[in-house]
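Asker:
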């Protein structure tokens, strides 16, 4: 009779592959969820219309100039090596060049504040006011999550802006010159960099050290790759790239809220949330404590 200790078999390879696919699709869905979430909640709309719409018009001019004067020469050069398929590489190359210009001129100085507001307001709407309140003034009497947001009491950044990020993007642009694999490699590498920064604000709100932050980023590296790749593709859309910067921030906050809930449950902290009142979520804010044990009263 065989020893039962030796009858335990390893899970089939496709089981692990399926797990990776589920994680990838789940993470990749959040930039898209952010679009719907941002559009459904009108309180977010002034953050785009009031602050970023003028920049979107400027970016239109930037892309118009690039496609008018830079696209055809680059397409002609790439056609030598790629044939007629060069138009894909040329389009992505020009879009990447436009992204470098807009990021270098606007993103770090004008966009980040709006993304912080979107991220924090989304956390409040999903019930995690206690994460935001220690880092900025929060008016609990305001009618919406966006109006609850006061001035930050400490330095606030959605992503740390650095010239190194611009240089990295410039260095990766020549990948589009490589036939077939160059453009996907450019998008994936840039997406990985973008994804690893997507929860920078969440980690700061939690007060993590650099070592703790890097450990969590490393553990979720696969997930961040696919979140960042989808967010990167959205950022390459001319004119709408500034809009998608805000919607991706909303998607990042939705993901952070999900992870925060899982973390608190794992640590036995319960919800500990402040959840929206009845209705669409724009009404009064009420406190929600840890759920008590289930209880039913028998009426007499």
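In the UniProt record's numbering, the protein residues as written are 1 to 300. We treat Cβ as the ideally placed atom computed from N, Cα and C, and that holds for glycine. Being a predicted model, the structure only gives us computed values, none of them experimental.
1. Buried or exposed: residue 181, going by 16 or more other Cβ atoms within 10 Å of its Cβ?
2. What's the C-alpha gap between residue 25 and residue 226?
3. Using 7 Å as the threshold, is the C-beta distance between residue 176 and residue 93 below it?
4. Just how far apart, CA to CA, sit residue 204 and residue 84?
5. Tell me which residues share the same chain as residue 251 and place their Cβ nearer than 6 Å to its Cβ, disregarding the 5 neighbours each side in the sequence.
6. Have a look at residue 70 and residue 170 and give me their C-alpha separation to the nearest angstrom.
7. Mapping DSSP to helix, strand and coil, what is residue 16?
8. Under 7 Å between the Cβ atoms of residue 197 and residue 229?
9. Return the Cβ separation of residue 174 and residue 63 in integer angstroms, given the expectation that the two are a contact with Cβ distance under 8 Å.
10. Compute the Euclidean distance between the alpha carbons of residue 286 and residue 37, then round it to the nearest angstrom.
11. Thinking C-beta only, is residue 164 closer than 7 Å to residue 148?
12. Roughly how many angstroms separate the alpha carbons of residue 51 and residue 122, rounded to a whole number?
13. Pick out whichever of 81, 253 and 18 has its Cα sitting closest to the Cα of residue 178.
14. Does residue 191 pass the burial test, meaning 16 or more other C-beta atoms within 10 Å, or should it be called exposed?
15. So, with DSSP's three-state summary, where would you put residue 54?
16. Return the Cβ separation of residue 44 and residue 118 in integer angstroms, given the expectation that the two are a contact with Cβ distance under 8 Å.
17. CB-CB under 6 Å to residue 199, same chain, minus the five flanking residues each way: which ones, in chain order?
18. On the DSSP letters alone, give me the boundaries of the beta strand (DSSP E) that residue 131 sits inside.
19. Report buried or exposed for residue 97, applying the criterion of at least 16 other Cβ atoms within 10 angstroms of its Cβ.
20. May I have the straight-line CA-CA distance separating residue 105 from residue 186, to the nearest angstrom?
21. Count the other C-beta atoms from every protein chain shown that fall within 10 angstroms of the C-beta of residue 278, then say buried if there are 16 or more, exposed otherwise.
22. Assign residue 143 to one of three DSSP states: helix, strand, or coil.
23. I'd like the span of the beta strand (DSSP E) that includes residue 138, first residue to last.
24. Using a threshold of 7 Å, state whether the C-beta atoms of residue 74 and residue 90 are closer than that.
25. Does DSSP put residue 73 in a helix, in a strand, or in coil?
26. To which residues does DSSP link residue 149 through a beta bridge?
27. Just reading off the alpha helix (DSSP H) that residue 92 is part of, what are its end residues?
28. Can you tell me where the alpha helix (DSSP H) with residue 302 in it begins and where it stops?
29. Using only CA atoms, which one of 145, 220, 269 and 129 lies nearest to residue 46?
30. With a 10 Å radius around its C-beta and 16 neighbouring C-beta atoms as the bar for buried, classify residue 218 as buried or exposed.
31. Nearest to residue 19 by CA position, among 151, 222 and 129, is which residue?
Answerer: Per the coordinate set shown:
1. exposed
2. 8 Å
3. yes
4. 47 Å
5. 30, 31, 33 and 34
6. 16 Å
7. helix
8. no
9. About 20 Å; that fails the 8 Å criterion.
10. Reliability fails at residue 286, whose pLDDT of 39 lies under 50, so the model's placement of it is uncertain and no value is given.
11. no
12. 18 Å
13. 81
14. buried
15. helix
16. 6 Å
17. 256
18. Per DSSP, residue 131 belongs to no beta strand (DSSP E); it is in the alpha helix (DSSP H), 129–132.
19. buried
20. 22 Å
21. Low confidence applies here, because residue 278 scores a pLDDT of 36, under 50, leaving its location unreliable; read the following figure in that light. So residue 278 ends up on the exposed side.
22. coil
23. 136–138
24. yes
25. helix
26. 138
27. 86–102
28. Look at the range of the chain in this structure, 1 to 300, and you will see that residue 302 is not part of it.
29. 145
30. exposed
31. 222
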